[in-house]
Amino acid sequence: MTLRVRTTKGAASPAAPRGIVAAGPPTGTGRLESVGLGPFELDDGTTLPGLTVAYRHDGPPPREAPQVLVIHALTGSADAAGDWWEPLIGPGRALDTDRVGVVAANLLGGRYGSTGPTSIDPRTGRSYGATFPAVSTRDQARAQWLLLDVLGIDRLDLVVGGSLGGMVALEVALARPDAVQTVMPIAAPAATGPMAVAWNHIQVSLIDRLGLDGLALARQLAMTTYRSEADFDDRFGRSVEPDGRPSIVSYLDHQGRKLVERFDPLTYRVLAGAMDRHDIGAGWGGLDRAFGRLAGGGTRLIGVGIADDILYGPRQVLELVDGAIEVGVEAHYRQIDSTKGHDAFLVEWDQLTVLVREALVARRLPARMPLRHVDGDGDDAT
């Protein structure tokens, strides 16, 4: 995946003369842009000398229509409308860009235009590489808000994302609960559990020991957590390729090679670390106080679980929703029924269309019940 971004100085631009409205970074272009946002202090006290964020905005600008923030998963990009969520974004689709503005930004620490390990450190003139600091999902959420401020977006009707994107979506809502009408994390928990941390540990260890070969193996291991046993049985069974390899092995090798061609081992390490440290209760005095922020701000929570997800399954999402309900949040659980496992949020377009349209409805939702439809197919990955 090769992304070209246009660069705008954004926050670093000089103030406009009095009486003249300064033109900020563009919205509604449907193309990838990049904006410099100045120095950025991380939660651990480390300061990045300069933060650049790549983004794409489709649809009407904030002064003309409601705005939606879409957040990508582990190896995604800002190009939601042209790539990984394209079936959901555009005229007449679930995120109808004739009616709402849709913004997606590459996460802090990412690979596709935002500041991360492959970016140039202005203090040395070389890429950050292994010196890039650890980041948290809260850091990534604050970077999203910094971009939104520069774009003139001060309120969001919906913040939605899957997996890592869902974790960051929760932190976006917690940062400014009075500015977010609905947050919809898909296949994302309140805090990352030990099984997911264990899988990430093995993946990162492979990268540390084997570099690019380790990245390929890490991706192969990850793919076994993104799909389900039923999906692999249906697609591969006991089939064998002409070269004698089991078809599932050929598939995993292919997925590993594809990621090596488009991604970076150190970026993978940074983003996996952010997922490992995800805990919305940290820094707010525990989960109840974190949920209390959502209740106080009037933010509605729609937690979406995925059947057969072995990474962040329905039980973890239900715990998120139930915990929010206990402290007064208007919270609801919905479920995607699929044999695709964790990756269903990148595959099940019919079900996602229903869910996203429902989330954009301002009125109070019906009783908390799983939403069940079955459709869709595909071969994208988190």
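Just so you know, this note's numbering puts the end of the sequence shown at 509, numbered straight through with nothing missing. Just so you know, even glycine gets a beta-carbon here, dropped at the ideal spot from N, CA and C. Note that the structure is predicted; figures quoted are calculated from it, not measured.
Problem - Limits of the unbroken alpha helix (DSSP H) element including P392 - result: Reading the sequence shown from its first residue, position 265 is the one you call residue 392. For P392, the enclosing alpha helix (DSSP H) has its first and last residue at 392–403.
Practice task
Pull up the distance between the alpha-carbon of P188 and that of L273, whole angstroms please.
Solution key: Taking the first residue of the sequence shown as position 1, residue 188 is located at position 61. Taking the first residue of the sequence shown as position 1, residue 273 is located at position 146. Cα to Cα, P188 sits roughly 17 Å from L273.
Problem - Continuous beta strand (DSSP E) stretch holding V286: start and end - result: Taking the sequence shown and counting its residues from 1, the one referred to as residue 286 is at position 159. Unbroken beta strand (DSSP E) run through V286: 285–289.
Practice task
Tell me whether H199 sits in a helix, a strand or coil according to DSSP, three-state version.
Solution key: Taking the sequence shown and counting its residues from 1, the one referred to as residue 199 is at position 72. Here H199 sits in coil by DSSP.
Exercise for the section: Would you verify that the beta carbon of D370 is, or is not, closer than 8 Å to some beta carbon of chain C? Expected result: No chain C appears in the structure shown, which is made up of a single protein chain.
Handout entry: Option in W211, G288, A458, R442 with minimal Cα separation from G320
Key = Against the sequence shown, residue 320 aligns to sequence position 193. It is R442 whose Cα lies nearest to the Cα of G320.
Practice task
Count the CB pairs spanning the stretch 208–218 and the stretch 300–312 that are closer than 8 Å, and state whether there are at least three.
Solution key: Contact between the stretch 208–218 and the stretch 300–312 is absent, because fewer than three Cβ pairs lie under 8 Å.
Practice task
Measure the CB-CB distance between D403 and N327 and report whether it falls below 8 Å.
Solution key: Translated into the one-based positions of the sequence shown, residue 403 becomes position 276. Translated into the one-based positions of the sequence shown, residue 327 becomes position 200. Yes.
Practice task
Can you say whether T264 is buried or exposed, counting buried as having 16 or more other CB atoms within 10 angstroms of its CB?
Solution key: Sequence index remark: in the sequence shown, residue 264 carries index 137 (1-based). With a threshold of 16 other beta carbon atoms within 10 Å, T264 meets it and is buried.
Practice task
Rounded to whole angstroms, what's the CA-CA distance from A221 to P152? Just pull it up for me.
Solution key: Your numbering for residue 221 matches position 94 in the sequence shown. Your numbering for residue 152 matches position 25 in the sequence shown. Those two C-alpha atoms are separated by around 26 Å.
Problem - Q330 and M350 closer than 8 Å at C-beta - result: As a working mapping, residue 330 is identified with position 203 in the sequence shown. As a working mapping, residue 350 is identified with position 223 in the sequence shown. It is not a contact, given that the beta carbons lie outside the stated cut-off.
Practice task
Just the C-alpha distance for V299 and G371, rounded to the nearest angstrom, thanks.
Solution key: Taking the first residue of the sequence shown as 1, we reach residue 299 at position 172. Taking the first residue of the sequence shown as 1, we reach residue 371 at position 244. The straight-line gap from Cα to Cα measures roughly 49 Å.
Handout entry: Alpha-carbon to alpha-carbon, A318 and V448
Key = As a working note, residue 448 is residue 321 in the sequence shown. As a working note, residue 318 is residue 191 in the sequence shown. When the Cα atoms are used, V448 and A318 turn out to be separated by approximately 13 Å.
Practice task
For I429, count neighbouring Cβ atoms within 10 angstroms of its own Cβ and tell me buried if that reaches 16, exposed if not.
Solution key: In the sequence shown, the residue the question calls residue 429 occupies position 302. I429 is classed as buried because its beta carbon has at least 16 other beta carbons within 10 Å across all chains shown.
Handout entry: Exposure label - I247; buried when at least 16 CB within 10 Å
Key = On the sequence shown, position 120 is the one that residue 247 refers to. Exposed, by the Cβ-count rule.
Practice task
Give a yes or no on whether the C-beta atoms belonging to T242 and L159 are separated by under 8 Å.
Solution key: Indexing the sequence shown from 1 puts residue 242 at position 115. Indexing the sequence shown from 1 puts residue 159 at position 32. Their beta carbons are not under 8 Å apart, which means T242 does not touch L159 by this criterion.
Exercise for the section: Have a look at T481 and P316 and give me their C-alpha separation to the nearest angstrom. Expected result: If you number the sequence shown from 1, residue 481 lands on position 354. If you number the sequence shown from 1, residue 316 lands on position 189. First, the residue type needs correcting, since residue 481 is Val and not Thr in the sequence shown. When rounded, the distance between both Cα atoms is 22 Å.
Exercise for the section: Use the C-beta contact count for P244: other C-beta atoms within 10 angstroms, 16 or more gives buried, fewer gives exposed. Expected result: As a first step, residue 244 is located in the sequence shown; it is residue number 117 there, counting from the start. P244 comes out buried.
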